[in-house]
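Q: No gaps in the numbering here: position 360 of the sequence shown is 365 in the numbering used here, and each next residue is one more.
Here it is, the structure in full.
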Amino acid sequence: MSAAKVKMREKKMRNQPASVQYSTSTLNEDRNAQNRGDTSATGGPSDVQTSAERQKKPPHQSGWVRGHHNDGGGYAKDMPKYITAGLFARARAAEVKAMLKAVTKTTGSSHVFGALPKHMRRRAMSHNTKRLPRRLRDVANRMREKSLQAGSKKKKEQAKNKSRKARRRHGNLLLEFNRRQRKNIWLETHIWHAKRFHMVKKWGYCLGDRPTYKCYRPCYRAMSSHCLLQDLSYYCCIELQGEEDKLLSALSQMTSKQAGPTFAAALCLSGCRQGSVTVYRAGQFPSQPLGPVTFLWRPRTQGSSHRQLWIWAHPTLKQDLLPELQAVCQCCEAVLPPVLPVVTPAEANPILEPESKPENPPEAKQIPGTKRKRSSKDADGPPAKKILGDGTRLPTTPVTWKSSSTGIVINDLTMEMVRYRLIGPQSHSVLAETLEAATACDEVDKSQASTLWWPQHCKDQSNMSLHQQQADVFHILKGVYSTGELPSGTVLGLTVDDPRLTLPTKKVKALPCVKRAQEVDEEKRRELMLRGVPAHCCQSFLWERSVRDNVTDNKISEQELNRMRSEVLVPGSRLSPTPLQGRVPILLVHQPGKQVGHEMNSWGAGFDLLLPKGWGMAFWVPLVYRGVRIGGLNMSLKHCQNKAAPHFPHDYPDCPAGVRLQEEQETELLDKFKRRPPAKRTNYIKHGCLAPFCCPWQQLAEEWELLMRDGGEERKEDSQIQTTMQTDSVMEKEMTSQEDIAVTRPPSRFTVLRDRKSLRLLSGWCRPTTSKGQRPVCVGEVPPLSRSAVTSFLAAHGMSLVWVRLSLFSKGKPEFHAMLCVPTAEDLKLLGKEQGNGGPQEPPHRDPFKSRIKRRKKDPKKAATSAVSSTKPGCKGSDLPSASDPDPTTSEDPQSSSQASSDLILGLWPDPLPSVTSHCSRVTVGWVTQGDFSLSSGCGEALGFVSVAGLLSTLLNQPLEHRGKLLLRNPNSLNYRFAKISIEV
């Protein structure tokens with residue numbers, strides 16, 4: 006029997022009882038011949054035939070044949086001799102049941118179609134019930150309504166897909182963009198960045214990480230010689246209002262003068278300069294830091310002690326900073342925002358009353374799932390508005406808190422302003438080409454009543470006099486050669502015209518003009534470079550919320566602006582007169598460049614441009630047309646690396662935001678490591694790297710503090726000469742003693758050293774030099790390095806880390822989480838003989854967990870049993886590590902041992918880690934947090950943290966000519982590289 010016939014027979018027999026039999030093949034006839042004289046077991050027709058009758062029949066074709074045979078040989082004609090009543094009735098009942106099931110089985114969307122013969126069924130009946138016979142129409146209509154109601158309850162009816170032209174309409178696009186901003190906030194330049202950048206979702210925002218095109222070196226050249234533009238609108242602004250003495254009294258609890266200027270610095274308090282400070286939890290200095298912030302005071306008003314302060318913080322810092330500010334300012338009373346009434350279409354257009362409405366025939370009810378044309382009725386409703394500000398915040402979320410006792414008011418101005426950063430020596434030239442001081446209003450405009458802020462502002466002669474003075478300062482700014490020549494943090498308030506009015510037809514590179522430099526008065530330019538902007542010129546109407554809202558609400562749309570341009574007589578010329586809506590108050594804040602060290606001073610200086618919300622793209626496109634480069638989050642990290650400045654939150658391991666980021670990075674790197682095949686993964690155990698994906702700062706500080714307190718200096722000198730096994734045994738004793746001490750003394754949290762006086766002392770002891778260590782730099786009088794000085798220093802900063810910069814002597818590129826180690830005496834001798842020597846090499850380590858992981862893969866149950874038995878005393882396991890590689894998973898608890906064995910990952914040390922200081926042949930003192938090849942110095946440079954105790958111990962044991970030299974080793978390498986350490990203050 007062929008396969009097709011078998012399938013056809015199985016399909017026909019699917020709903021039939023076992024008693025129904027069809028004509029069988031010759032094989033079935035031979036089988037029935039053996040049971041001659043027997044009836045069917047089910048009571049059906051018998052297949053009993055005599056041999057003589059079978060011999061008279063012609064031979065049949067093998068296989069099952071559909072239908073009646075021509076010779077009639079397929080069916081038995083003789084009646085059975087007897088039947089069994091019970092079996093016969095059971096078989097017939099099954100046939101009747103199958104027949105009823107086949108008759109009542111329905112197909113399609115309507116159940117009544119099954120009642121029709123197949124030759125009367127039509128596909129159109131499912132859409133139009135009038136094609137059915139009359140007797141079935143009522144039933145079909147009821148069934149259709151029932152199915153539609155059930156479908157609407159279970160699943161929302163999906164409309165047909167709109168065409169691309171319909172999807173790209175402005176209204177539909179706006180609704181789609183507003184929907185996508187409910188979870189992550191979009192900046193005003195999001196659409197521009199999304200077309201050119203790789204976007205990432207971080208800190209509740211959707212931000213551009215890096216461009217889709219190669220531009221690493223061009224961006225560095227822009228920061229060094231021209232201008233790089235970044236959108237920093239995701240930074241959070243917190244506004245404080247109140248009496249000056251009460252504000253300073255509250256904020257003084259979160260800062261310390263030992264770490265640098267505070268909120269009460271004289272230049273910053275006057276409003277002339279922007280300041281920066283690291284804030285701590287109230288009264289907890291030097292422990293429990295929150296992170297760095299920048300702040301700006303509003304210039305004083307004559308006869309008033311009421312002040313206004315803006316604090317700018319990273320979005321990850323805001324969740325820790327805002328509650329702390331509310332606590333120190335005692336602002337616990339939340340002020341609910343006013344609920345704006347929702348205007349319905351009927352309220353918006355109450356001209357037509359219900360009685361006067363035209364009597365149009367009622368529209369037919371729209372069938373779900375079908376398209377409809379846009380009618381004029383739909384256009385009467387309020388159109389969708391573009392989200393400006395924070396779209397994830399609910400309208401009822403409080404953004405203002407006040408205190409009845411102190412009178413201080415805190416306002417959350419997140420996403421209420423746009424902040425652009427221009428980095429480079431020609432940032433002022435770009436601003437001078439893009440911005441123009443606002444033109445005054447005509448007498449006719451002043452006399453007319455207007456809801457705009459600028460005509461009302463022009464009526465006051467003192468305001469116009471101040472505006473003219475600010476415009477003169479801005480004109481002097483055009484004659485400055487480099488942005489770094491200005492005092493750091495200088496603030497200039499200004500009102501400018503809409504920059505879209507002077508947009509060039511094609512991109513041009515803004516460069517300093519010689520004629521403008523000659524036109525500027527030399528005395529005024531020199532005074533601006535020495536003293537900065539005068540105090541009265543730092544005022545800006547951007548501080549006023551009413552002015553910001555007025556400028557945002559009355560912005561000219563692109564459509565209206567293009568219509569006005571089309572009406573100009575000379576195409577391409579500027580609109581004259583300037584529209585009254587085109588005046589925007591701004592703030593220009595100077596950003597200092599590199600302020601530490603003795604190389605590349607003022608590198609990376611620039612300006613921050615503060616705008617009202619809603620004007621982001623109106624200023625972004627004109628700035629791009631001046632030939633600037635655009636950078637993302639990745640370029641912000643490189644900017645800080647070239648300035649040798651810590652980047653928040655990456656380089657703040659003692660802050661809550663830094664701890665959270667380190668945990669996220671560890672999870673991300675571990676997941677990436679697990680995605681690779683086991684044969685392609687780096688075995689970090691054999692490379693002697695305990696923590697390739699994180700930096701155990703707490704363990705490092707505790708071990709070094711314990712070493713120095715227990716006379717670890719002599720022990721460390723011996724450990725450099727002795728073998729690695731002896732060093733590990735010493736550390737095992739120390740770790741056990743540390744456990745005993747931890748019972749009596751509570752563990753202390755490590756901190757990063759930010760005391761400027763202590764940093765200057767450490768910098769002098771390290772003998773600061775240039776990037777490659779060619780020439781020493783004089784830093785003034787520094788007391789000599791001695792054991793007594795080190796002991797007194799460690800008494801105050803024993804559990805501290807210090808931010809350092811390292812420059813490689815030879816080739817090599819430092820990587821993330823590279824280890825910083827102490828060179829031995831033999832290593833320093835080798836460096837003295839050969840200056841180009843690459844450095845020593847770490848001997849390969851043994852992986853004590855490899856055999857256990859292989860055994861677990863082969864037989865998990867047996868591996869768990871062997872792991873439990875290996876913990877018993879007297880067990881000699883071949884896979885246990887030696888004294889030089891202590892196994893942290895070996896414990897007295899068999900259950901914990903088996904659990905640790907199941908969590909092992911090939912190539913990674915399990916928790917808890919062994920000693921991080923003496924695990925390798927060279928003692929570890931720290932790790933690298935930023936590392937790359939520096940285009941500015943032409944060698945590999947790294948930034949990271951080292952233990953203060955470990956650094957002082959290293960400096961004491963090094964000769965004077967080699968003082969401050971360390972070894973750097975990447976996690977996936979066994980080669981050490983010599984590097985020069987420097988602490989820049």
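Note that beta-carbon positions come from the ideal geometry of N, C-alpha and C, so glycine has one too.
Computed from a prediction, not measured in an experiment: that's the story for all the values here.
#1: For the beta strand (DSSP E) that His595 lies in, which residues bound it at each end?
#2: Going by beta carbon distance, what residues of the same chain come within less than 6 angstroms of Arg982, once the five residues before and after it are set aside?
#3: For Ser487, tell me which candidate among Val435, Gly394 and Val589 has the shortest Cα-Cα distance.
#4: Take the Cβ of Gln667 as the centre, count every other Cβ of all protein chains shown within 10 Å, and call the residue buried at 16 or more, exposed below.
#5: For Cys446, count the other beta carbons within 10 Å of its own beta carbon; 16 or more makes it buried, fewer makes it exposed. Which is it?
#6: Looking at Val990: is its Cβ nearer than 8 angstroms to the Cβ of Ser797?
#7: For a minimum of 4 consecutive residues, which ranges assigned as the alpha helix (DSSP H) are wholly contained in the segment 166-246?
#8: Determine contact between the segment 789-805 and the segment 915-932, defined as no fewer than three beta-carbon pairs at a distance below 8 angstroms.
#9: Counting pairs of Cβ atoms below 8 angstroms between the segment 654-664 and the segment 234-248, do you hit three or more?
#10: Touching or not, the segment 408-415 and the segment 534-554, by the rule of three or more beta carbon pairs under 8 angstroms?
#11: Let's see if you can read the secondary structure: which residues bound the alpha helix (DSSP H) around Val629?
#12: What does DSSP give as the partner residue(s) for Cys543 in the beta ladder?
#13: Using only CA atoms, which one of Cys277, Glu528 and Thr134 lies nearest to Glu150?
#14: Skipping 5 residues on each side, what residues in its chain have a beta carbon closer than 7 angstroms to that of Lys102?
#15: Apart from the five residues just before and just after Ile988, which ones in its own chain have a Cβ nearer than 8 angstroms to its Cβ?
#16: Does the distance from the C-beta atom of Asp214 to that of Gly637 stay below 8 angstroms?
#17: If we ignore side chains and look at the alpha-carbon of each, how far apart do Ala120 and Arg140 end up?
#18: So, is Leu971 buried or exposed, given that buried needs 16 or more other C-beta atoms within 10 angstroms?
#19: Let's see if you can read the secondary structure: which residues bound the alpha helix (DSSP H) around Ser571?
#20: If you reduce the DSSP assignment to three classes, tell me which class Lys12 lands in.
#21: In terms of residue numbering, what span does the beta strand (DSSP E) encompassing Asp613 cover?
#22: Drop a sphere of 10 angstroms on the beta-carbon of Asn416, count the other beta-carbons inside from all chains shown, and report buried for 16 or more, exposed for fewer.
#23: Would you please state the rounded distance, in angstroms, between the beta carbons of Asp908 and Pro917? I believe it to be under 8 angstroms.
#24: Starting from the Cα of Asn567, find the closest Cα among Ala443, Arg505, Leu330 and Gly484 and give me that residue.
#25: Is Met804 buried or exposed, if buried means 16 or more other CB atoms sit within 10 Å of its CB?
#26: What would DSSP say about Phe854, mapped onto helix, strand or coil?
#27: With DSSP as the reference, identify every bridge partner of Arg634, one or two as the case may be.
#28: How long is the line joining the alpha carbons of Cys277 and Asn177, rounded to whole angstroms?
#29: Report the residue ranges of all alpha helix (DSSP H) runs contained in full by the segment 907-988; include only those spanning at least 4 residues, in chain order.
#30: Please determine if the segment 610-618 and the segment 319-326 are in contact, where contact requires at least 3 C-beta pairs separated by less than 8 angstroms.
#31: Quick one: residues in its chain with C-beta nearer than 7 angstroms to the C-beta of Gly288, no 5 flanking neighbours on either side, listed in chain order?
#32: Quick one: residues in its chain with C-beta nearer than 6 angstroms to the C-beta of Glu438, no 5 flanking neighbours on either side, listed in chain order?
#33: Should Gly247 and Pro266 be called a contact, given that it needs their Cβ atoms to be closer than 8 angstroms?
#34: What does a CB cutoff of less than 7 angstroms around Leu592 pick up in its chain, not counting 5 residues either side in sequence?
#35: According to DSSP, what are the bridge partners of Pro313?
#36: Please list, in chain order, all residues of the same chain as Lys12 whose beta carbon is under 8 angstroms from its beta carbon, the five residues on each side excluded.
A: Reading from the atomic positions:
#1: Note, His595: beta strand (DSSP E), Arg588 to Gln596.
#2: Taking C-beta separations shorter than 6 angstroms and ignoring five residues to either side along the sequence, the partners of Arg982 in its chain run Leu813, Gly817, Gly844 and Leu973, following chain order.
#3: Comparing alpha-carbon positions, the option among Val435, Gly394 and Val589 lying closest to Ser487 turns out to be Val435.
#4: Residue environment for Gln667: buried (at least 16 other C-beta atoms within 10 angstroms of its C-beta).
#5: Burial call: buried.
#6: No, the pair does not count as a contact, with Cβ atoms beyond the cut-off.
#7: You should have 169-172, 175-185, 195-199 and 221-230.
#8: Under the three-pair Cβ rule at 8 angstroms, the segment 789-805 does not count as touching the segment 915-932.
#9: Too few Cβ pairs lie closer than 8 angstroms, so no.
#10: Segments in contact, no.
#11: Counting along the chain, the alpha helix (DSSP H) containing Val629 begins and ends at Gly621 to Val629.
#12: Looking at the DSSP output, Cys543 bridges to nothing.
#13: Put simply, of Cys277, Glu528 and Thr134 the residue whose alpha carbon is nearest the alpha carbon of Glu150 is Thr134.
#14: Contacts found: none.
#15: These residues qualify, in order along the chain: Leu764, Leu767, Ser768, Cys771, Pro773, Val807, Trp808, Val809 and Arg810.
#16: Asp214 is a Cβ neighbour of Gly637, given a cutoff of 8 angstroms.
#17: Near 11 angstroms, if we compare the C-alpha coordinates of Arg140 and Ala120.
#18: Buried, because 16 or more other Cβ atoms sit within 10 Å of the Cβ of Leu971.
#19: Ser571 -> alpha helix (DSSP H) spans Glu563 to Ser571.
#20: Correct three-state label for Lys12: helix.
#21: Here the beta strand (DSSP E) through Asp613 covers Gly611 to Pro617.
#22: Buried: at least 16 other Cβ atoms inside 10 Å.
#23: About 12 angstroms separates the two Cβ atoms, so there is no contact after all.
#24: Ranked by Cα distance from Asn567, the options Ala443, Arg505, Leu330 and Gly484 are led by Arg505.
#25: Under this definition Met804 is a buried residue.
#26: Look at Phe854 here: in three-state DSSP terms it is coil, with no helix or strand label.
#27: By DSSP's assignment, Arg634 forms a beta bridge with Leu233.
#28: Answer to the nearest angstrom: the Cα atoms are 46 angstroms apart.
#29: The segment 907-988 contains these whole alpha helix (DSSP H) runs: 953-962.
#30: When Cβ pairs closer than 8 angstroms are counted between the two stretches, the segment 610-618 is seen not to touch the segment 319-326, the count staying below three.
#31: Taken in chain order, the residues that qualify are Gln258.
#32: Short of 6 angstroms from the beta carbon of Glu438, and not among the five residues preceding or following it, lie these beta carbons of its own chain, in chain order: Ala515 and Arg631.
#33: 8 angstroms or more divides the Cβ of Gly247 from the Cβ of Pro266.
#34: If we look at Leu592 and ignore the five residues flanking it on each side, its Cβ neighbours are Val496, Gly498, Ser545, Leu547 and Leu615.
#35: Reading off the sequence shown, one finds Gln at residue 313, where the question assumed Pro. When DSSP reads this structure, Gln313 sits in a beta bridge with Gln246.
#36: Its chain contains no residue whose beta carbon lies nearer than 8 angstroms to that of Lys12 once the 5 sequence neighbours on both sides are disregarded.
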